[in-house]
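> One structure follows; several queries about it will come next.
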Amino acid sequence: MPHRVVVILTVVFVVAAAENVPRVCIQDGCMRGSWMRSLHGERYEAFIGIPFAKPPVGPLRFANPVPNEPWADRQELDASGRIPRAPCLQKNLFLPERGVEGKEDCLYLNVYRPFKVSKEGAENGTTPLATLVYIHGGGFLAGYNSPLVAGAEKLMDNAVILVTIAYRLGAFGFLSTGDDAASGNFGLKDQREALRWVRRNIEAFGGDPELVTVMGHSAGGASVHLQLMHLGNEGLFQRAISLSGNALTPWSAPRANPLQLAHQQARLLGIKKPHKMTTDALVEALRTIDADLFVSSYKGFTNGSRYPVIVYGPVVEAATVSDAFLTEPPRELWARGAHLSVPWLTGIVPNDGFVFSAPILKDTDCSKETFAQQKTLLLNVLGGAKETDALPILMERFFGNQSSIGECFTHENVDKLTKLFNEGLFIYPLTLSVRQHANHTGTKAPIYLYRFNYKGPHSYSSIFVPDRDESKNFGIVHCDELIYILRAPILFPDFRRNSPDAKVTQVMTKLIVDFARTGTAPTGDVVGDRVSDSEFPQALELTNSNSTEEPVLKKYINFYDADMFDFWTRFYSY
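Note that the sequence shown covers residues -18 to -1, 1 to 556 in mature numbering (1 follows the signal peptide of the UniProt record, and there is no 0).
Dropping the structure here:
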C-alpha cells in the first residue's frame, strides 16, 4: 500500500535539442515532453504533469472534479517533468517518518509512449497502441504517480502506452456528509475524470481509445474493481487489472457513518459543535481550514495507537446526488452482477497480509493490557466482525493454544499474523468476488487469476520494516510484484541487463501488455495443462525456477480453498 518517495521530482532525461523534443497537441492545446530511456536502452517519450481537471481548491475542495480548460493563451505546455508536480496532499501513516507531503493542486497525469512506435506510426500508419492507465495504491490516504516510484522504463520495452494518474487522498478525496453538501468519493471521481481524459485524448498519442486497460495496485486495485461497478464508465476502458486489491475487502468497504466521521474531523480541526451545523455550513467551514492542518490531524483518529488506521475511503452516496459514483454497497452490486462486462485479471502475492501485520508489532511493551489492545485492534483491522464471539474462533484457527503466544503478539508471531491478514483481507475477498461472478447468469466477461510467487533480491519488506533483522525473511510481501512492472529508482537499484530478475521483468510486463491487447490470459510456455473441473478458475502462478536463462516457472494452480472460504464466511457472519 504505501510507497516511499520524496516530493521533488528529479528525473534523468536524455539531453536533446529544444527543437527536437517530443510534441503532442490535444483538445486543450499543445505540449512538449522529454526523452527517456527504457530498461533496455530504447528511447521513449515522456509527457509529465498534464492537467486533467481544474485544481480542486477553494470552492472545488470537497466537490466533484471539473474538467480543466485549455492552457492559458494557448501556450505550449511544459510537460517535460523539469517543473515538479507535487503529489496529492497526504501523510502516509504506514510510513509516519515521512511527514506531510504534497499539495491540493495535484490532478495531473503522465503519459509515456515508445518512440519507435510513435515514429513508425506517424510514417507508416501503424495500428494504434493499447493503453494502460495505472492507479497507485496507498490505502486511499497516500501514494504517488511520480516516475520515481511509478516509472515507465520497464513497460516501455513493450509496444504500449502508459498513463499514470493522481487522485485526491484522505479527507480531500473521501470526506462525505452523506448528502449533496459533500457527497464523497471524490478520489474515485478523479480517477473517472482521468479515464474520460484518456478517452478524449489518447488517440493524439498514438493510442486506441477502444483498447484501454485500467490497472491498479492495492487501494488502486480496489479502485479498479469499483470502477467496474460504476456503469457510467461504459466505453471508457475495455480491460481491467487489479493487483493485490479488491473492493470487497473490509479496508475498502464503504464507511458506515460518513457524517459522523466528518463531525469528528471538524472537531479535530477546532470547529466548535459541528453536529449542530447544517451540512452546507459544515463544508463551508471545512473549506476555510488550511490544507496541511487536515493531514496533520489524522493522527487524532488513532487514539494514540501507532497502528496506521485507514480512516477515509469509499462511501455509498444518496441516489439523489448529482453524478454519483456509488449508490449501493459494492458487495451488493457485485453479487447481483451490476457491473461492466469487462475481462478482469486479478491476483495476489503469498504474503500480502504483511502490510498489516508489520505495524501491529511496533508496540513492544508486552503485557496483558497490551495483548487485549492488540486483539481489539486485530478485530478492527479485519472489519466486519464486531462481536467478541468472533475472536475465539480466530485465535483457534491461527494460534491454536493461546498460551503458546505469551503475554502479547511479538515478532515471533509475525508469520501467523501475516497469514491471518492475508486470508481475511486479500484471499477471501478475492475468492468471494470470483465465486459470485460465476453465479452471474448475464455476465460473459471472464476473470483470470494469477499468483506472483517469485522471490527476488529486493522486497518492500525493507520499506515496511526499515530496521528489520537482515536475516529475517518475510517472503514475498505486498507490493513486491511492482518491482518487476514499474521502475522505482528511489527505492530499489536497477536490475543488471540480462540478469534473471531483468528476465522476470520481461515476463511480467509481457503478461500485462498481452492481456491489455487481447483480454485473455497467456496459454504458451505454461507447465502442465489447464484443468477446468470446477466453476472456480485456476490461477497462473509465477514462481522461481532452477534456470538462470528462464528464471520464472509458470504453471496453473488450484486457488480455491473451501476450508478457508467457509471459515471467513462464518467469521464475517458474527
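Where a beta carbon is used, it is the ideal one built from N, C-alpha and C, also for glycine. Remember, it's a predicted structure, so these values are computed and weren't measured experimentally.
For a test of the three-state rule: what should DSSP assign to residue 169, helix, strand or coil?
Helix.
> Nearest CA to the CA of residue 387: which residue from 191, 303, 348?
Here the closest residue by C-alpha is 348.
> Can you tell me where the alpha helix (DSSP H) with residue 396 in it begins and where it stops?
First-last of the alpha helix (DSSP H) with residue 396: 396 to 404.
> Return the chain-ordered list of same chain residues with a C-beta closer than 8 angstroms to the C-beta of residue 311, the five sequence neighbours on each side being excluded.
Correct list, in chain order: 235, 236, 298.
> In whole angstroms, what is the alpha-carbon distance linking residue 483 and residue 136?
If you take the alpha carbons of residue 483 and residue 136, they lie about 12 angstroms apart.
> Identify the continuous alpha helix (DSSP H) that holds residue 485 and give its terminal residues.
Looking at the DSSP string, the run of the alpha helix (DSSP H) that includes residue 485 is 482 to 500.
> Which parts of the region 23 to 93 are runs of the beta strand (DSSP E), unbroken and 3 residues or longer, counting only runs that do not cross its ends?
With a minimum length of 3 residues, the continuous beta strand (DSSP E) runs that stay inside the region 23 to 93 are 25 to 33.
> As a quick exercise: from 332, 265, 77, pick the residue whose alpha carbon is nearest that of residue 153.
Looking at the Cα atoms, 265 is the closest of the given residues.
> Are there three or more Cβ pairs, one per stretch, closer than 8 angstroms when the region 435 to 449 is compared with the region 520 to 532?
Output reads yes: the region 520 to 532 touches the region 435 to 449.
> Count the C-beta pairs between the region 385 to 405 and the region 327 to 339 that are closer than 8 angstroms, then say yes if the count reaches three, no if not.
A contact exists between the region 385 to 405 and the region 327 to 339.
> Return helix, strand or coil for residue 160, following the three-state DSSP convention.
If DSSP states are grouped into helix, strand and coil, residue 160 belongs with coil.
> Taking a contact to mean a Cβ-Cβ separation below 8 angstroms, would you say residue 333 touches residue 458 in this structure?
Yes, they are a contact pair.
> By how many angstroms is the C-alpha of residue 26 removed from the C-alpha of residue 3?
Approximately 11 angstroms between the Cα atoms of the pair.
> Given that a residue counts as buried once 16 or more other Cβ atoms are within 10 Å of its Cβ, and exposed if not, what is residue 548?
It counts as exposed.
> Are there three or more Cβ pairs, one per stretch, closer than 8 angstroms when the region 273 to 292 is compared with the region 133 to 150?
No: fewer than three Cβ pairs fall under 8 angstroms.
> Can you pull the DSSP bridge partners for residue 245?
According to DSSP, which records beta bridges pairwise, residue 245 is partnered with nothing at all.
> Can you tell which of 493, 535, 519 has the C-alpha that lies nearest to the C-alpha of residue 508?
Checking every option, the nearest Cα to that of residue 508 belongs to 535.
> Within 8 angstroms (strictly less), CB to CB, does residue 398 reach chain B?
The structure shown contains no chain B; it is built from a single protein chain.
> What number of angstroms, rounded off, separates the C-alpha of residue 139 from the C-alpha of residue 19?
The straight-line gap from Cα to Cα measures roughly 9 angstroms.
> Output the boundary residues of the alpha helix (DSSP H) element that contains residue 532.
Taken as a continuous stretch (DSSP letters only), residue 532 belongs to no alpha helix (DSSP H), as it is neither H nor E.
> For residue 185, which option in 372, 418, 6, 412 has the closest C-alpha, if you only look at C-alpha atoms?
With distances taken between Cα atoms, residue 185 lies closest to 6.
> Can you tell me whether residue 205 is buried or exposed, with buried defined as 16 or more other CB within 10 angstroms of its CB?
By the 10 Å Cβ count, residue 205 comes out buried.
> Are the CB atoms of residue 59 and residue 11 nearer to each other than 8 angstroms?
Their beta carbons are under 8 angstroms apart, which means residue 59 touches residue 11 by this criterion.
> So residue 617 and residue 71 are in contact, right, with Cβ under 8 angstroms, and what is the actual spacing, rounded?
With the chain represented from -18 up to 556, any question about residue 617 goes unanswered, as that position is not in the structure.
> Could you say which of 216, 69, 32, 122 lies nearest to residue 174 if we only look at CA atoms?
Comparing Cα positions, the closest option is 216.
> Go ahead and label residue 277 buried or exposed: buried means 16 or more other beta carbons lie within 10 angstroms of its beta carbon, across all protein chains shown.
By the neighbour-count rule (16 or more Cβ atoms within 10 Å), residue 277 is buried.
> Going by DSSP, which residues form a beta bridge with residue 433?
BP columns for residue 433 point to 330, 523.
> Out of 376, 419, 418, which one is the CA nearest neighbour of residue 398?
The candidate whose alpha carbon is nearest that of residue 398 is 376.
> Return helix, strand or coil for residue 112, following the three-state DSSP convention.
Of the three classes helix, strand and coil, the one that applies to residue 112 here is strand, per DSSP.
> Can you give me the C-alpha to C-alpha distance between residue 486 and residue 533, rounded to a whole angstrom?
Computed Cα separation, rounded: 7 angstroms.
> Within its chain, find whatever has a CB closer than 8 angstroms to the CB of residue 105; leave out the 5 residues flanking it on each side and keep chain order.
Any reading at residue 105 must be qualified, since the residue scores a pLDDT of 44, below 50, and its modelled position is unreliable; the value itself is stated next. Counting only Cβ-Cβ distances below 8 angstroms, and skipping sequence neighbours, we find nothing.
> If contacts are defined as beta-carbon pairs under 8 angstroms, then residue 409 and residue 259 qualify, I think. What distance do you get, rounded to the angstrom?
At roughly 43 angstroms, the Cβ-Cβ gap does not stay under 8 angstroms, so residue 409 and residue 259 are not in contact.
> State the DSSP-derived secondary structure class of residue 309, mapped to helix, strand or coil.
Looking at residue 309 - three-state DSSP - the assignment turns out to be coil, as it is neither helix nor strand.
> Of all the options 544, 254, 111, which has the alpha carbon lying nearest to the alpha carbon of residue 417?
Checking every option, the nearest Cα to that of residue 417 belongs to 544.
> CB of residue 333 to nearest heavy atom of the ligand NAP: below 7 angstroms?
Although the ligand NAP was asked about, the structure shown includes no ligands whatsoever.
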